[in-house]
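Here is the structure we will look at.
Residue numbers (my numbering), protein chains in the order written: chain E, 1 to 448; chain L, 1001 to 1319.
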C-alpha cells in the first residue's frame, strides 16, 4: 500500500459513512444534476459493437466507496444497453503501473486500462488511436482542458482518454495567517516567503515534504521549479535542469527552508497530513483528502472550519504550477473488441454517467471536460471548489518535454525532490545540486 | 545311466525374467535421475532461473514497459561513477559491520545471562524472542513512529521531562538517520543471536567448568578458555547468517526512511528496488543487486575461514 493510499485509507475510514450518504444522494440526483451540464451538438462516432463482445477493464482503487459503486453501476448500465459484459478490476495504485507494463508487453489481458498520467505515452505503439471519440466528447462538452490535452494527446493524436485529475493546492489556517498579518497567501514568490517567515516568527510554521514522498515531495519540488520558470527537460526532451532558473529556485528554497517545521527532510506522503492535523504546521500542500479527514472527524472539525485551500502561488508562471495526478484510460491493440471498448469509454464520459460519478467523488477527481465545471460537485462545499480547475493547468509531469517513460521514472526516483532536499539540508550548493540532478536525469532521458 | 543323467536336463528353477518396468526401476542411473529430478526441477525453477535472469538483466537496459537489449557492462560503468551507488555500498558495509558487532555483543551477553539459573527462565526466553517473532514491517512501523520528526514518543518524553526544547532529530539528517536504523536493526537481530548462542552454550559440558573451577580459573578465564572456544563453531554459522540477513536488509530501511534523507541511508537492496521497480530501470536495479554478490561471498568466506578454524569444522580430524 502506498503512503498516499494509506493516508487516504486513514482519511476514509472516517469519511466513508458521510461519503456513502453523499454518494447515495448523488446517484438519485444524477439525472436532475445532469441538466446543468451544457452540451453542444456533436456527431457521435459510429462504433458498431463487435459480435459477442465482452470487456475487461482495470482501474486504480477508489478514494471513496461511492466512486467504485457508481463506476460499477455505470458499467452495468452499459451492459444493459449493449449486452456487452464488462468486468472491472480495481487495482492498487502501486500495482497498476506494473500490470499495465505486463499487459502491454505480453499483448494479453484487459482491453481497457485506466492508468495514470504518462501510461498511454509509454505504450503509444500498443494502444488504439482515440482521436474520434475524444473529438466527439470535446465538441459535445465544451472542449478538453489543458492538462487533459497534455496527457491525452501525442503528436496531435489522442492516445489516452483522461477521466479526471486530483491536484495539490496550498492548504492553510485562516487564523494563523491573520495572526501573521495576511488575509490570504500572496501570489508572488517574495510575498510568499515573507508570509512563511512571519508564520515562523509567531511559531506557527509551514511545512512542505522534502523527503522521499512520491506525491507530496514531487508536487512541492515541481511547484518550486515551475514557479521560477525552471523545468527538468526542454520541448525536445533534452535535460535542462542545470540552468539559472533552477539555481534561482534553489536559492529561494535556501531562504524558505528555515521557515519550515523540523523534520521535513524525513517526511513521506502522510507526514504533512499528520502534522497539519496535530497543529504542528499551519500551511502545507496536499490533496483534498486532508480536508475531508479533518472535516469528518468531530475532534478536528474546528481545524477544518479554520482551513482554506487556494492554488499554489503562481510565482513567475502564467498558470498554477501544479500538475494533478490524472487517470488516463487507454484501449489496447490486442483487444478483440476495440469498438466496444471505445463505446464504453464514451458511455462513461456522457453526462448521465460522468456527472453522478464526479459527484460521488465529492471533489477527489476533477473533470477533464469544460462542461462538467458546472457539476453540482463544486457547489456542495465552497472550500472544495479550488479543485474544480485542477485540469486547467498548463503543466504536466515532465514539463516541458514530450511525455516519456523518462519523466515518469525521474519522478519516481525523486530526482528533483532530492535536488531540493540536498540544498535545503546544506549538503550541496544549488550549483552542485543542479549538476547532480542533471547527471541523474540524463540517464533517465537518454536516447535508446 | 550317466548318459541319461547327463542328457536329462537338470531342473533349475527358471529365474523369472523381470518386466521392462521392473528392470527400469532397478537401473541405478535411472533411479538417480528420477529421484533428483523434482529437487533439481524446483531448484532450477525457483533458484537458478531467477538468479540467472537477474544476472542477465544486469547486462541489459530493460525497463518496466520495454524489453531490453544486451548492453554489456554499461550499467556497471554508470554505477561505478554514481555517487549514490557508492553511498549505498558504504552504508551497506557500515550498517552490516556496526549492526553485526552490536547484535553479537549484546546477543552474547544476553545469552550468557539467560544461561544462568534464573526464575521463570522459559518465560524470559520466550519474551526475548518477541522482537524476532514480530513481522519486520510491523516493528519497522513502530520504529518509524518512535523516530518520527514530529510525533516521536522519545522526543515527547524528553520534552515533558524538560531535558529538551525541540524534538530529537532521528531521521531528518544523514548521520542520525544512519545510526537510528542501525539501532533498529540491532534491536531486531538480538533475539536470533541470543537464542542461537544460548543453544550453543547449553551444549558445553558442565564438567569443563567444574574442572576449571577446581583449577581456580576466574570467570573471565572460564569464558575466554572454555565458553568462547566451544561456542566458536556455532558463532561462525550464526554470524554468517546474520551478516547475510543484515547486508540484504530491506524492510527496516524502506519502511522507516525509504533511503532518505537525500539517499543517505540507502542499502544496496533498497537502492536496487528503488531504481528497479518504482524507477522502472530493471536492468540497472538488477546490476545493483548483482553487485551485492561479491560482498556476500566475501562475508561468507570470512566467517567460515576466520571463525571456523578448527580442523574438524573443515572435515578433518581434531588434534
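Note that beta-carbon positions come from the ideal geometry of N, C-alpha and C, so glycine has one too.
- Residues of the same chain with a CB within less than 8 Å of the CB of residue 1153 of chain L, apart from the 5 flanking positions on each side, are 1145 and 1146 in chain order.
- Residue L:1234 holds the alpha-carbon nearest to the alpha-carbon of residue 1204 of chain L among L:1191, L:1234 and L:1220.
- Annotation for residue 143 of chain E: 370 place their beta carbon closer than 6 Å to its own, counting only its chain and skipping 5 residues before and after.
- In this structure, DSSP gives residue 132 of chain E a helical state, which the three-state scheme calls helix.
- Interface with chain L (8 Å Cβ-Cβ cutoff): residue 413 of chain E is included.
- Among the residues facing chain L, residue 407 of chain E is not included, as its CB has no counterpart in that chain under 8 Å away.
- Shown here for residue 338 of chain E: same chain residues with a beta carbon closer than 7 Å to its own, the five before and five after excluded, namely 128 and 331 in chain order.
- A straight line joining the alpha-carbon of residue 93 of chain E with that of residue 1101 of chain L spans about 40 Å.
- At a cut-off of 8 Å between C-beta atoms, residue 1127 of chain L does not count as an interface residue with respect to chain E.
- Looking only at E:297, E:277, E:77 and E:246, the smallest Cα-Cα distance to residue 429 of chain E is reached by E:246.
- At a cut-off of 8 Å between C-beta atoms, residue 266 of chain E counts as an interface residue with respect to chain L.
- When rounded, the separation of the alpha-carbon atoms in residue 140 of chain E and residue 46 of chain E is 15 Å.
- Taking 8 Å as the CB threshold, residue 1016 of chain L stays off the interface with chain E.
- Inter-segment contact for the segment 268 to 284 of chain E and the segment 154 to 173 of chain E is present: three or more beta-carbon pairs are separated by less than 8 Å.
- Ranked by how close their Cα comes to the Cα of residue 413 of chain E, the residues L:1274, L:1075, L:1242 and L:1227 have L:1274 in first place.
- Assignment of residue 262 of chain E by DSSP, reduced to helix, strand and coil, places it in the coil class.
- Here residue 1130 of chain L has 1191 as same chain residues with Cβ atoms under 8 Å from its own Cβ, once five neighbours each way along the sequence are excluded.
- Contacts between residue 105 of chain E and chain L, judged by CB atoms closer than 8 Å, involve 1065, 1066 and 1067 in chain order.
- A direct Cα-to-Cα measurement between residue 1170 of chain L and residue 1267 of chain L gives close to 18 Å.
- Look at residue 1275 of chain L: its C-beta is under 8 Å from a C-beta on chain E.
- For residue 51 of chain E, no chain L residue has a C-beta closer than 9 Å to its own C-beta; the minimum C-beta separation is roughly 33 Å.
- The beta carbon of residue 1050 of chain L sits no closer than 8 Å to any beta carbon of chain E.
- Under the DSSP assignment, residue 349 of chain E falls in the alpha helix (DSSP H) whose first and last residues are 338 to 349.
- Under DSSP, residue 1070 of chain L takes part in a beta bridge, and its partners are L:1060.
- Less than 8 Å divides the Cβ of residue 100 of chain E from the Cβ of residue 119 of chain E.
- Taking a Cβ-Cβ threshold of 8 Å, the residues of chain E close to residue 1262 of chain L are 265, 418, 421, 422, 425 and 427, in chain order.
- Across the set E:137, E:168 and E:130, the C-alpha of E:130 shows the shortest separation from the C-alpha of residue 154 of chain E.
- Our two residues, residue 335 of chain E and residue 1096 of chain L, have alpha carbons roughly 50 Å apart in a direct line.
- With respect to chain E, the C-beta atom of residue 1135 of chain L has no partner C-beta closer than 8 Å.
- For residue 1250 of chain L, no Cβ of chain E is located within less than 8 Å of the residue's own Cβ.
- DSSP, reduced to helix, strand and coil, places residue 165 of chain E within a strand of the structure shown.
- For residue 230 of chain E, the closest C-alpha among the options E:84, E:398, E:63 and E:148 is that of E:398.
- Residue 60 of chain E sits in a strand when the DSSP states are folded into three classes.
- Membership of residue 172 of chain E in the beta strand (DSSP E) is indicated by the continuous run 170 to 173.
- Looking from the CA of residue 314 of chain E, the closest CA among E:394, E:207, E:39 and E:216 belongs to E:394.
- Counting other Cβ atoms within 10 Å of its Cβ, residue 1103 of chain L reaches 16 or more and is therefore classed as buried.
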